[in-house]
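Encoded structure:
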């Protein structure tokens, strides 16, 4: 019997982990961190549901921490196999996982020095050295390349979203299972659109924005209006942004706004060493994004790139007018927290949330109207303006997800909606059932489903993938 077990991303947008098992072989699709609410974060500290040594391989959709961030712990605790990902994901993971280990060590050290933890000697979930060991397990693959993993066959298909992001097809015991990963937008200004859905027996789809449709407002216009207003009164605009993906999109919009004279010529700082390093990787894969070499150069010339800690600290003293882009995107760590602590209590300033804010994060607290944040053991009053520009998201919304599904030549026999908070996942379930008439449900955490071979003449036999339509022209 072949099974699919949902080990994460079932009641949250984080902790993406799916276990495919057949003939004594176990393959893990994604191995992400849980983030947000405390009860979710505590899952990172519990024993992994399967012995890591019993997992034969890991296949990764993309490099964001909610899909890769537990890998260093999995390897440290006994996983001995290979980690398979696209070339772009492999390159970006070298930045993201080492940075994550370093931040976890710094947070544990700070908590120990300032007694902000209930533990006498706080320990990080894993270290930078653990991350480096895990990175040695990566094997890079091209899109549309077949990967044989014992009795399973895997293929990576373009997903848009960020560099290297993949949809993953797993063929197991005559059944084709399709994982969307994080599906990008057809209208993303930076990344090319996701490959249309070519069909599968079982579909596991994300549902991050399953309960909403992105506003039709032009994100560049909305961004320009905030910057013009705040900088016009001498304020500082702080933009928490994911260092990989969102930071690049923001720089693209800012470069175009400046070129068109739609924002004042004020200092712009990209205070994220990881985002600076990621720029070199994006340049390495021009076939995955929409930018010409000229646009790419303009995008990174618009901002002063901040690397050192001393330069970062000076930003908190210089005042405005200025724009500061810094990670993390949901205010869960990183240098941006120091900027919020420095500038958040001044009503001349603004904090611009630039995408999805998972429940339980500081970003979600600001989004729902809270005006005090707990940062490094201190309560920081927030008197700055708070703007939420959800149209900057790199995720497909509810309408785009259904339109992507509609491309399938026939309905899947089962659709499972994951990677969404309960309201979003259930809203998309209803939309898919009503619009497409498909069998769809939201799985529970830890649930196992049977993947016994479907043989309804679909042709989904070993070596016979459905023909995915080519991606629309950018």
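Residue numbers (our numbering): 441 to 914.
All C-beta atoms, glycine included, are put in the ideal place defined by N, C-alpha and C.
Cα-Cα separation, residue i to residue j
i, j, result
"residue 688", "residue 553", "35 Å"
"residue 468", "residue 664", "43 Å"
"residue 452", "residue 484", "14 Å"
"residue 576", "residue 487", "23 Å"
"residue 611", "residue 525", "17 Å"
"residue 449", "residue 644", "11 Å"
"residue 810", "residue 583", "43 Å"
"residue 787", "residue 603", "36 Å"
"residue 668", "residue 783", "18 Å"
"residue 444", "residue 702", "51 Å"
"residue 457", "residue 705", "45 Å"
"residue 864", "residue 857", "10 Å"
"residue 893", "residue 753", "Because residue 893 sits at a pLDDT of 48, beneath the cut-off of 50, its placement in the model cannot be relied upon, and the following sentence gives the value as read from the coordinates. Near 58 Å, if we compare the C-alpha coordinates of residue 753 and residue 893."
"residue 508", "residue 537", "8 Å"
"residue 790", "residue 697", "18 Å"
"residue 442", "residue 463", "7 Å"
"residue 740", "residue 695", "8 Å"
"residue 890", "residue 719", "42 Å"
"residue 795", "residue 690", "11 Å"
"residue 914", "residue 550", "Low confidence applies here, because residue 914 scores a pLDDT of 31, under 50, leaving its location unreliable and the question unanswered by this model."
Boundaries (first-last residue) of the beta strand (DSSP E) holding residue i
i, result
"residue 783", "That residue, residue 783, is in no beta strand (DSSP E); its alpha helix (DSSP H) goes 776-783."
"residue 462", "458-462"
"residue 466", "465-469"
Sequence-distant residues of the same chain with beta carbon closer than 8 Å to residue i, five excluded per side
i, result
"residue 607", "501, 596, 597, 598, 599, 618, 619, 620, 621, 623, 634, 635"
"residue 478", "800"
"residue 723", "736"
"residue 878", "845, 851, 852, 855, 872"
"residue 591", "462, 463, 465, 612, 613"
Beta-carbon proximity of residue i to residue j, cut-off 8 Å
i, j, result
"residue 721", "residue 528", "yes"
"residue 680", "residue 812", "no"
"residue 770", "residue 802", "yes"
"residue 459", "residue 886", "no"
"residue 777", "residue 828", "no"
"residue 729", "residue 755", "no"
"residue 641", "residue 616", "yes"
"residue 673", "residue 712", "no"
"residue 589", "residue 504", "no"
"residue 652", "residue 837", "yes"
"residue 840", "residue 625", "yes"
"residue 646", "residue 860", "yes"
Residue-level contact to chain D via CB, residue i, 8 Å cutoff
i, result
"residue 637", "Chain labels in this structure do not include chain D; a single protein chain is all it has."
Span of the alpha helix (DSSP H), counted from its first residue to its last, around residue i
i, result
"residue 508", "505-508"
"residue 721", "713-724"
"residue 740", "733-741"
"residue 843", "838-846"
"residue 750", "749-758"
"residue 862", "862-876"
"residue 695", "686-699"
"residue 515", "511-516"
Identity of the residues DSSP links to residue i by a beta bridge
i, result
"residue 709", "744, 764"
"residue 598", "606"
"residue 631", "729"
"residue 825", "790"
"residue 618", "609, 643"
Spatial neighbours of residue i in its chain, beta-carbon cut-off 7 Å, leaving aside the 5 residues before and after
i, result
"residue 510", "471, 472, 473, 484"
"residue 543", "773, 774"
"residue 454", "472, 473, 474, 475, 476, 480, 506, 798"
Check: residue i C-beta below 7 Å from any heavy atom of the ligand FMN
i, result
"residue 678", "This structure lacks the ligand FMN, and indeed carries no ligand of any kind."
Beta-carbon contacts of residue i that lie in its chain and below 6 Å, excluding the five residues immediately before and after
i, result
"residue 461", "443"
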